[in-house]
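Here the structure is laid out as structure tokens; the discussion comes afterwards.
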Amino acid sequence: MQKIPYIAAAVIGLLLSAYSLIFAMLSGPQFAWIIGCSLLLAHILAAIIAIKKATNNKMVFAIVTLISPVFIVFIGAMLFLYAESLENRYLPDKNFVKICEDSELKYFRSPKLKVSSIHLDWAPMSGSIMSKYIIDSDHMFEDVEDNLIVPDMISDSTLSDVLVTHEISNPDELNQAIVNRGLIQYTLTVTDRRDGSKLATMKYAVDHSKKRACGNNTSNAIDLNAFITNATALSDVGNSVLISSKMQQNSTLDKEKNISDNPISVDFEVLETEKYSRRRVVTNGEIDLFFKEQEQICDSLLKPYRLGTPWMTFKKDPSGLKKIDFYTGFKFCGSNAVWMGDYVYKGDSKHFVLTKYADNGDFNYRIRILRPNNPIFDTASLDETTFHAADGVITFDWINFDRDSGVIRISQRMKIQIKEPIKRD
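All residue numbers for the sequence shown refer to my numbering, where the first residue is 1 and numbers rise by one.
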């Protein structure tokens, strides 16, 4: 019995199986585990059959058998998926039927004033959502769209007329690849931030692993764009809503909304510069007291918006809808105002952006300064312990530093002064 042809066939079969296993891993570890075990079993059976055929001088049959495991598993997987699709389409699922019975679409009232901007308020554990599912009569979907007419994140919800919140029933499913995600119920709520009234709610369910959904708000689709548009349109005018991340400069808007989401560029003055020939070492213990005091002041002004979200609301805001996002790089709480700083606002790493809010959540201003040049290899940031605002003037130290075992080592310190913009009525 010539061994070389059989060895070559076995190697080819193993290589084909290895490549198929790599592609199977793209669909998640569970699917890859099933395919891997199936391939292993197929190779063992193929080896047994090939040995028997080889001893009977049936070389061609034996060689084909050694190469065939990947093709046999592929055909088996296709037959299984086809049978599963038939089961999903024609056999009822109690969990799916039950959650679909809870689907709802309610429009409570139309907004009293024209809506000019909308903020999508996605909680971190809510994940992303598709904007449209085209569904047939058996609740199966083939076409999915992802083109929500509102950006996923607007940096400042206090500049929006309407908030759209999004929650899901089973956050653990987000750990799966989207094609493997099981049954999830989605709840969308539209709220008019200006008066705190609820405009509409929508509940629908999607099972990506079985490609089915329910809770249509149109004749053959779950269409989130249509839902948001209908919820925010004036019933007596019928105008289409303008949804954008920036406020339109509209004379009918109140003065808070006449402020653009884009920061105002301001100049800064360097009062003094101090360079250290030998880096000044600052330990964490030196700034602990400052942050404890800041925590107490911030707790008197702010409270968590919702469990699992990075946002805080203002205790003096009766609507409870004006929020700030704590993802930014700097926060300072004063007796009657809060400042938020961002080192990469909207991806801009050349400027430092500072936003001020009144203690009731009203937006005051958003300014930006060109970040001072820093020595090569050093990090540059605002020293929060030196931040001071009084009489329309802000001062702080801009430091250049590196870190070594949790210790800050400063190479340069610049005292910066900027003038706050005048708020016009």
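Where a beta carbon is used, it is the ideal one built from N, C-alpha and C, also for glycine.
No experiment lies behind these values; they were computed from the predicted model shown.
Residue from 333, 350 and 387 with nearest C-alpha to residue 398: 387
Helix, strand or coil at residue 305 [DSSP, three-state]: coil
Cα-Cα separation, residue 222 to residue 184: 14 Å
Cβ neighbours of residue 264 in the same chain (closer than 8 Å, five flanking residues each side left out): 365, 366, 367, 368 and 421
Bridge-paired residues (DSSP) for residue 400: 380 and 412
Simplified DSSP assignment, three categories, for residue 121: Note: residue 121 maps to strand in three-state DSSP.
Residue span of the beta strand (DSSP E) that contains residue 330, given as start and end: Residues 330-333.
Proximity winner among 32, 19, 46 and 35, relative to residue 9 (alpha-carbon distances): 46
Beta-carbon separation (whole angstroms), residue 42 vs residue 64, contact threshold 8 Å: Their Cβ separation, rounded to whole angstroms, is 13 Å, which puts residue 42 and residue 64 out of contact at 8 Å.
Buried versus exposed, by CB contacts within 10 Å (16 or more), residue 249: Residue placement at residue 249 cannot be trusted, given a pLDDT of 28 that sits under 50; the coordinates are not used to answer.
Distance between beta carbons of residue 273 and residue 414, contact taken as under 8 Å: 5 Å
Which of helix, strand or coil DSSP assigns to residue 40: helix
Backbone secondary structure at residue 353 - three-state DSSP: In the structure shown, residue 353 sits in a strand (DSSP, three-state: E or B).
Limits of the unbroken beta strand (DSSP E) element including residue 341: 337-342
Residue from 214, 314, 316 and 358 with nearest C-alpha to residue 102: 214
Beta bridge counterpart(s) of residue 325 as assigned by DSSP: 311
Local conformation of residue 163 per DSSP, three classes: strand
Span of the alpha helix (DSSP H), counted from its first residue to its last, around residue 202: Premise fails: residue 202 lies in the beta strand (DSSP E), 197-207, not in any alpha helix (DSSP H).
Cα-Cα separation between residue 426 and residue 143, rounded to whole angstroms: Absent from the model: residue 426. The displayed extent of the chain is 1 to 425, so no value can be given.
Through-space distance from residue 141 to residue 242, alpha-carbon basis: Here the model assigns residue 242 a pLDDT of 35, short of 50, so the residue's position is not dependable and the matter cannot be decided.
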